[in-house]
Structure formats: structure tokens, C-alpha cells
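Below: the structure, in C-alpha cells.
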Amino acid sequence: MVVGTEKELYQDKLYAKNLNYLVDFEKWDKDVYAKIRYRSNIAKVKVKRENEKIEVRFEEPQRAITKGQSVVFYDISGIVLGGGKII
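As C-alpha cells, this is what we get:
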């Protein structure tokens, strides 16, 4: 049984909630990076806060963004800025 194609696994946007900021959100630089799983590559993103959740847009589509998993944000030097739960 085929549920979908490989191409359909890729998305360029996610939403996250239950956010934890290690660096105040207003102090994040314009260059923000994210990982959606431990072994994934770090990817450049644009982050927009919307009340209790954030919208994350990837420069390059990511494979298998999964609800319930974590997204972790980094600055250009690899310092963790915060994270949240993908919804």
C-alpha cells in the first residue's frame, strides 16, 4: 500500500507551542537555525511569534515534520536559543 510519495513528505513550514526560551525572543538575531530531530541537519529558518505559538518557515523544505516532536532553535554559532513542541 502506498499512502503518499516521497515528495509529499517535504514541508517548509511548521507551528510550535509549549515554548521554552533560553534567550529572550526579542533578542534573537535575524539568522536563526532549527533542527526538527536529533540527527537532522541544522536548517535556516524565519520565526514569527503568534501569541502562544510560533510559525517556523524553512529556507529548504524538511522531510517528515512530525507533530508532537520537538523543534530546537540555534543562533549562527550553535548556541541554543529555545525550543518547542511541533503542532
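In the numbering used here, each residue's number is its place in the sequence shown (first place is 1) plus 14. Beta carbons: idealized from backbone N, C-alpha and C, even for Gly.
Quick one: Cα of residue i to Cα of residue j, how far?
i	j	result
S54	I93	16 Å
E22	N32	27 Å
A30	K41	19 Å
Y24	R77	4 Å
V37	P75	26 Å
K67	F39	12 Å
F87	V46	7 Å
G97	V16	33 Å
Under the assumption that residue i contacts residue j (Cβ atoms under 8 Å), give the Cβ distance between them as a whole number of angstroms.
i	j	result
D43	F72	The Cβ separation is near 17 Å, so there is no contact.
K58	E69	K58 to E69, Cβ: 15 Å. No contact.
L28	I90	About 21 Å separates the two Cβ atoms, so there is no contact after all.
Q83	I50	6 Å
I100	V85	6 Å
Can you tell me where the beta strand (DSSP E) with residue i in it begins and where it stops?
i	result
Y47	V46 to K49
R77	K67 to R77
I100	V94 to I100
N32	Y24 to Y35
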